[in-house]
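Enquirer: Following this message is one structure expressed as structure tokens.
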Amino acid sequence: MSSAAPNLSARDRLVVALDVPTAKEALAMAARLSGRVGMLKVGLELFCAEGPAFVKELQAQVPVFLDLKLHDIPTTVRRALEAVLRLDPRLVNVHVQGGPAMLEAAVEATRAHQAAGGRTELLAVTVLTSLDREALAALGHADSPQELALAYAKLAHQAGCAGVVCSAWEAASIRDACGEGFHRLTPGIRPAGVATQDQARVMTPAQALQNGSTWLVVGRPITHAADPAAAAEAIVAEMQA
Ligand code: C5P
Numbered sequence: 251m252s253s254a255a256p257n258l259s260a261r262d263r264l265v266v267a268l269d270v271p272t273a274k275e276a277l278a279m280a281a282r283l284s285g286r287v288g289m290l291k292v293g294l295e296l297f298c299a300e301g302p303a304f305v306k307e308l309q310a311q312v313p314v315f316l317d318l319k320l321h322d323i324p325t326t327v328r329r330a331l332e333a334v335l336r337l338d339p340r341l342v343n344v345h346v347q348g349g350p351a352m353l354e355a356a357v358e359a360t361r362a363h364q365a366a367g368g369r370t371e372l373l374a375v376t377v378l379t380s381l382d383r384e385a386l387a388a389l390g391h392a393d394s395p396q397e398l399a400l401a402y403a404k405l406a407h408q409a410g411c412a413g414v415v416c417s418a419w420e421a422a423s424i425r426d427a428c429g430e431g432f433h434r435l436t437p438g439i440r441p442a443g444v445a446t447q448d449q450a451r452v453m454t455p456a457q458a459l460q461n462g463s464t465w466l467v468v469g470r471p472i473t474h475a476a477d478p479a480a481a482a483e484a485i486v487a488e489m490q491a
């Protein structure tokens, strides 16, 4: 399901994480960012609070990446995904950890949606950046987070996912292993000179692009800025430079 290397502009590549609790705040932010960014990321907090109807309303302004990180038995994920695909988000995701059969069920559902004219592409989450080596050992993994992320990316690629969510630090090795057309969507982006907050391993927008990120997820440096539109435009300029 991976498409050819996308001919995306810097603006298309910028995905803003709408980590706000209410539809009202999200829609106000969308109005400020519409036309200036490629996508808005709606996570579990906002989706659980405001639901599918709100996503439809948001999508009328800016394409949405529905970051629900589905993870369950194959049939359950397929059916949940079929419900989510009715909203036709630009991107949706599942956890690689659900295993090959679950990934294949998700790919099948997404392909059926695309065959019917839908635009959604399916990404898979490799390793949560909140899991360090110690946490992975407690879960029974001997590999480092980097090794596991690469192995999981290969599984997602084999299953037919369009790409992965990963750290920008892993994007180059995943691109080299899975090909340019297999997308890398990377959070943990901080413009030069901006506070890293709780992100441990950050990259600047320019570094992330150089290291093979397809899409860059940026949250607080834009949503908490005094002027979010100007902050988004500055990041797009940094990407272009
Ligand atoms: O505000 P900030 O730019 O740190 O937001 C990053 C967004 O990306 C948040 O929504 C966060 O949950 C998400 N994310 C992340 N690291 C991951 C996966 C998702 O920061 N590994």
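Take any residue in the sequence shown, note its place counting from 1, add 250, and you have its number in my numbering. All C-beta atoms in this analysis are idealised placements derived from N, C-alpha and C, irrespective of residue type, glycine included. Bear in mind the structure is a predicted one, so any value in this text is a computation, not a measurement.
Just tell me which of Ile439, Ala273, Ala409 and Pro324 has its CA closest to the CA of aspartate 421.
Expert: Rather than aspartate, the amino acid found at residue 421 in this sequence is alanine. Of the candidates Ile439, Ala273, Ala409 and Pro324, the one whose C-alpha sits nearest the C-alpha of alanine 421 is Ile439.
Enquirer: How big is the Cα-Cα spacing for methionine 279 and alanine 392?
Expert: Going by the C-alpha atoms only, they are around 42 Å apart.
Enquirer: Give the straight-line distance between the Cα atoms of aspartate 477 and arginine 282, rounded to the nearest whole angstrom.
Expert: Distance between the alpha carbons of aspartate 477 and arginine 282 is about 9 Å.
Enquirer: Contact defined as beta carbons within less than 8 Å: I believe alanine 409 pairs with leucine 353. What is the distance between those atoms, to the nearest angstrom?
Expert: About 4 Å; that satisfies the 8 Å criterion.
Enquirer: Report yes or no: do the segment 456-469 and the segment 416-431 share at least 3 C-beta pairs separated by less than 8 Å?
Expert: With the cut-off at 8 Å, the segment 456-469 and the segment 416-431 touch.
Enquirer: Can you give me the start and stop residues for the alpha helix (DSSP H) that alanine 456 sits inside?
Expert: It spans 455-460 - the alpha helix (DSSP H) in which alanine 456 sits, taken as one unbroken run.
Enquirer: According to DSSP, simplified to helix, strand and coil, what is alanine 359?
Expert: If DSSP states are grouped into helix, strand and coil, alanine 359 belongs with the helices.
Enquirer: Could you work out which residue in Pro441, Leu296, Thr325 and Asn343 is closest to alanine 482 when comparing CA atoms only?
Expert: Per the Cα distances, Pro441.
Enquirer: At a cut of 8 Å, does the segment 333-344 reach the segment 377-390 through at least three beta carbon pairs?
Expert: Output reads no: the segment 377-390 does not touch the segment 333-344.
Enquirer: Mapping DSSP to helix, strand and coil, what is alanine 399?
Expert: It is helical.
Enquirer: Rank Pro395, Gly390, Gln396 and Arg425 by C-alpha distance to the C-alpha of histidine 407 and give the top, closest one.
Expert: For histidine 407, the nearest C-alpha among the options comes from Arg425.
Enquirer: How would you label proline 471, buried or exposed, when you count the other beta carbons within 10 angstroms and need 16 or more for buried?
Expert: The residue is buried, with at least 16 neighbouring Cβ atoms inside 10 Å.
Enquirer: May I have the straight-line CA-CA distance separating glycine 429 from alanine 403, to the nearest angstrom?
Expert: Their Cα atoms are separated by approximately 11 Å.
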